[in-house]
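Residues in the sequence shown are numbered from 119 upward in steps of one, following the numbering used here.
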Amino acid sequence: MKVTIKEWNSVATWQWDIPEDDVCGICQVHFDGTCPTCKYPGDDCSLLSGKCGHNFHMHCIMEWIKQESAKGQCPMCRQPFEWQDQDKENEAPTQTE
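Right under this line is the structure:
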């Protein structure tokens, strides 16, 4: 018996490689959702991790760092916020002021 597949419709899902119950420390939205700035989750609403181990929506932490009162500190632990390198080929700045 020979079986021939005539058509295949695949469906894929994605998720961030972080604990399921983790939320953005700024907007308190789960990472599989979107930050207040975005309409859809995904590449436009990526996550940024600090060397301190805290994760944030990209838009949330960028807005936080821009505030003068933030003083370039992580909103969770108040250490100077430095990006954690996720990919050696795509290096991020080490600190934003």
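Just so you know, even glycine gets a beta-carbon here, dropped at the ideal spot from N, CA and C. The structure presented is a predicted model; accordingly, all values stated were derived computationally and were not measured.
Asked: Is residue 180 closer than 7 Å to residue 164 when the C-beta atoms are compared?; Found: no
Asked: Taking the alpha carbon of residue 172 as the reference point, which residue from 198, 129, 155 and 128 has its own alpha carbon closest?; Found: 198
Asked: Just how far apart, CA to CA, sit residue 119 and residue 130?; Found: 30 Å
Asked: My output table needs one value for residue 177: the three-state DSSP class, helix, strand or coil.; Found: helix
Asked: Buried or exposed, going by whether 16 or more other CB atoms sit within 10 Å of the CB of residue 136?; Found: exposed
Asked: Roughly how many whole angstroms lie between the Cα atoms of residue 200 and residue 188?; Found: 13 Å
Asked: In terms of alpha-carbon separation, which member of 178, 156, 155 and 158 lies closest to residue 166?; Found: 178
Asked: When DSSP labels each residue in this structure, what does residue 187 get in the three-state scheme?; Found: helix
Asked: One question on the structure: do residue 195 and residue 156 come within less than 7 Å of each other, judged by their Cβ atoms?; Found: no
Asked: Which residues bound the beta strand (DSSP E) around residue 167?; Found: 165-167
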